[in-house]
Amino acid sequence: MKASEDKLDLNTIRPELFISDLHLCASRPEITEAFLYFLKYTAVKANALYILGDLFEYWAGDDDIDDIQHQTTIHALRDLANSGVKLYLMHGNRDFLISSEFCRATNISLLQDPTIIDLHGQKVLLTHGDNLCTDDVAYQDFRKLVRDVKWQTDFLSLPLATRKNEIQTIRIRSEHEKLQKSSEIMDVNNNAVNDLLKKYNYPNMLIHGHTHRPNIHAIQLDGRNITRLVLGDWYEQGSYLSCDQNGCNAIKVNVF
Ligand code: MN
28 MKASEDKLDL NTIRPELFIS DLHLCASRPE ITEAFLYFLK YTAVKANALY
78 ILGDLFEYWA GDDDIDDIQH QTTIHALRDL ANSGVKLYLM HGNRDFLISS
128 EFCRATNISL LQDPTIIDLH GQKVLLTHGD NLCTDDVAYQ DFRKLVRDVK
178 WQTDFLSLPL ATRKNEIQTI RIRSEHEKLQ KSSEIMDVNN NAVNDLLKKY
228 NYPNMLIHGH THRPNIHAIQ LDGRNITRLV LGDWYEQGSY LSCDQNGCNA
278 IKVNVF
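All letters in the sequence shown, in the order written, are residues 28 to 283 by the working numbering.
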C-alpha cells in the first residue's frame, strides 16, 4: 500500500515553469503556434506558469484585447488557468501596459518586478531583467519615463491607433539605436545584479529574462552561493525552465 502511495505521489509532482521573451506578434505566427502548443500539452501538467515579461512584442493598452491574435492567446491562457494551473505574469519592457482587464480575462496574477517566491524551500528572486542593464543609460532614462504613472495615463488617453503608431516609431528608433550599442552594454551589469541580491537578502536563485542570453551563472557573493538563471527568448526555438524539488532544468521547445 505504501509503495503505491509513493508511486502516486511521484506521478502527481507538478513542476513550476518559467518563460519570458516570447515577443508574440502577428508577423511571427509560428511562435504563437508553438506557444499555444506549449500551453496545451506542457504547461497543463504544471503546478504554475510564470511569464517573466515580454509575452507580447508590444502591448498598446488593455483596450487592444479584442484583437483576434490577442484573443487566441487570451483564450488559451484562460483555459490553462481553468484547468487548475496557477498563472503569474510580470511586466516586460514591451508589455508593461498590460493591466487589470487582461489579467481578468486570462485569470492571471500580475507580479511586481522584482518578486521573491518560495520554490520548494528555496528563496527565488524573479525579475524581467531590464532594470539590471544599467550600462544602457539611454534605455534606463526611457524606462523611467514610460514607467511613470502620469506618462502612462496621458499615453493611454490617446486613441488606440495613435498609440500603436507611436509604439511603432519607438520600436524602429530602438532597433536603430541597438545597432550602435555594444553587446556588453545590453547585458546585465554585475554590480546591479549584486546590489539586487543584497537588497533581497541573498536569495538562493535569481531568475530573469530580457537579455536573450540563456545561461546559468554561479555567483559567489559575500560567502553565499547564488545561481542566476537567464531564460531564453522564443525566436528560432522556444524554451522554458522547469523546476521541482530536485532543481531546475532548461528545456527546448521546437518551432515549426
Ligand atoms: Mn525585455
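Quick reminder that beta carbons are idealized off the backbone N, C-alpha and C, glycines included.
So if DSSP puts residue i in a beta bridge, which residue, or which two residues, is it bridged to?
{"i": "Met-117", "result": "Leu-138"}
{"i": "Gly-236", "result": "Answer is none; Gly-236 lacks a bridge partner."}
{"i": "Gln-149", "result": "Leu-146"}
{"i": "Gly-274", "result": "Asp-271"}
{"i": "Ile-46", "result": "Ile-78"}
{"i": "His-244", "result": "Arg-255"}
{"i": "Leu-206", "result": "None; Leu-206 has no bridge partner."}
{"i": "Leu-124", "result": "None, per the DSSP bridge assignment."}
{"i": "Lys-226", "result": "Answer is none; Lys-226 lacks a bridge partner."}
Determine the closest residue to residue i out of the options, with distance taken between C-alpha atoms.
{"i": "Val-257", "options": "Gln-272, Leu-152 and Ser-201", "result": "Leu-152"}
{"i": "Asn-252", "options": "Tyr-229, Gly-274, Arg-240 and Asn-242", "result": "Tyr-229"}
{"i": "Gly-265", "options": "Phe-182, His-237 and Phe-62", "result": "Phe-62"}
{"i": "Trp-11", "options": "Gln-195, Ile-101, Thr-196 and Leu-124", "result": "With the chain running from 28 to 283 in the structure shown, residue 11 is simply not present."}
{"i": "Tyr-68", "options": "Thr-180, Cys-270 and Leu-104", "result": "Leu-104"}
{"i": "Arg-255", "options": "Asp-168, His-155 and Ser-210", "result": "His-155"}
{"i": "Asn-218", "options": "Leu-159, Gln-149 and Asp-89", "result": "Leu-159"}
{"i": "Val-282", "options": "His-235, Glu-43 and Arg-55", "result": "Arg-55"}
{"i": "Leu-137", "options": "Tyr-77, Ser-110, Glu-211 and Gln-167", "result": "Tyr-77"}
{"i": "Trp-86", "options": "Ser-209, Asp-145, His-118 and Val-176", "result": "His-118"}
{"i": "Thr-133", "options": "Ile-144, Ala-108, Ser-184 and Asp-145", "result": "Ala-108"}
{"i": "Leu-116", "options": "Pro-141, Thr-99 and Asp-93", "result": "Pro-141"}
{"i": "Asp-214", "options": "Met-232, Glu-202 and Pro-241", "result": "Pro-241"}
Got a sec: does ligand 1 put a non-hydrogen atom nearer than 7 Å to the Cβ of residue i?
{"i": "His-237", "result": "yes"}
{"i": "Asn-120", "result": "yes"}
{"i": "Gly-80", "result": "yes"}
{"i": "Asp-157", "result": "yes"}
{"i": "Asp-214", "result": "no"}
{"i": "Asp-162", "result": "no"}
{"i": "Asp-48", "result": "yes"}
Mapping DSSP to helix, strand and coil, what is residue i?
{"i": "Lys-177", "result": "helix"}
{"i": "Arg-251", "result": "strand"}
{"i": "Glu-263", "result": "coil"}
{"i": "Ile-212", "result": "coil"}
{"i": "Val-164", "result": "helix"}
{"i": "Ile-92", "result": "coil"}
{"i": "His-155", "result": "coil"}
{"i": "Val-71", "result": "helix"}
{"i": "Phe-129", "result": "helix"}
{"i": "Ser-31", "result": "In this predicted model, Ser-31 has a pLDDT of only 47, less than 50, meaning its place in the structure is not dependable enough to derive any value."}
{"i": "Phe-62", "result": "helix"}
{"i": "Val-220", "result": "helix"}
{"i": "Phe-169", "result": "helix"}
Measuring straight from C-alpha to C-alpha, what distance separates residue i and residue j?
{"i": "Ser-31", "j": "Ala-165", "result": "In this prediction, Ser-31 scores a pLDDT of 47, lower than 50, which makes its location untrustworthy; the coordinate-derived value is nonetheless stated afterwards. Distance between the alpha carbons of Ser-31 and Ala-165: 59 Å."}
{"i": "Asp-174", "j": "Asn-120", "result": "Before going on, a small fix: residue 174 reads as Arg here, not Asp. The alpha-carbon atoms of Arg-174 and Asn-120 are separated by roughly 9 Å."}
{"i": "Asp-162", "j": "Leu-223", "result": "15 Å"}
{"i": "Arg-41", "j": "Thr-196", "result": "43 Å"}
{"i": "Met-28", "j": "Lys-279", "result": "Annotation note: pLDDT 42 at Met-28 (below 50); position unreliable, coordinate value reported separately. Approximately 37 Å, taken between the alpha carbons."}
{"i": "Asn-276", "j": "His-239", "result": "17 Å"}
{"i": "Glu-204", "j": "Arg-198", "result": "10 Å"}
{"i": "His-244", "j": "Ile-101", "result": "34 Å"}
{"i": "Asp-91", "j": "Gln-139", "result": "22 Å"}
{"i": "Gln-272", "j": "Thr-189", "result": "48 Å"}
{"i": "Glu-128", "j": "Asp-249", "result": "43 Å"}
{"i": "Glu-211", "j": "Leu-187", "result": "35 Å"}
{"i": "Ser-47", "j": "Asp-168", "result": "23 Å"}
{"i": "Val-176", "j": "Ile-194", "result": "17 Å"}
{"i": "Ala-75", "j": "Leu-183", "result": "31 Å"}
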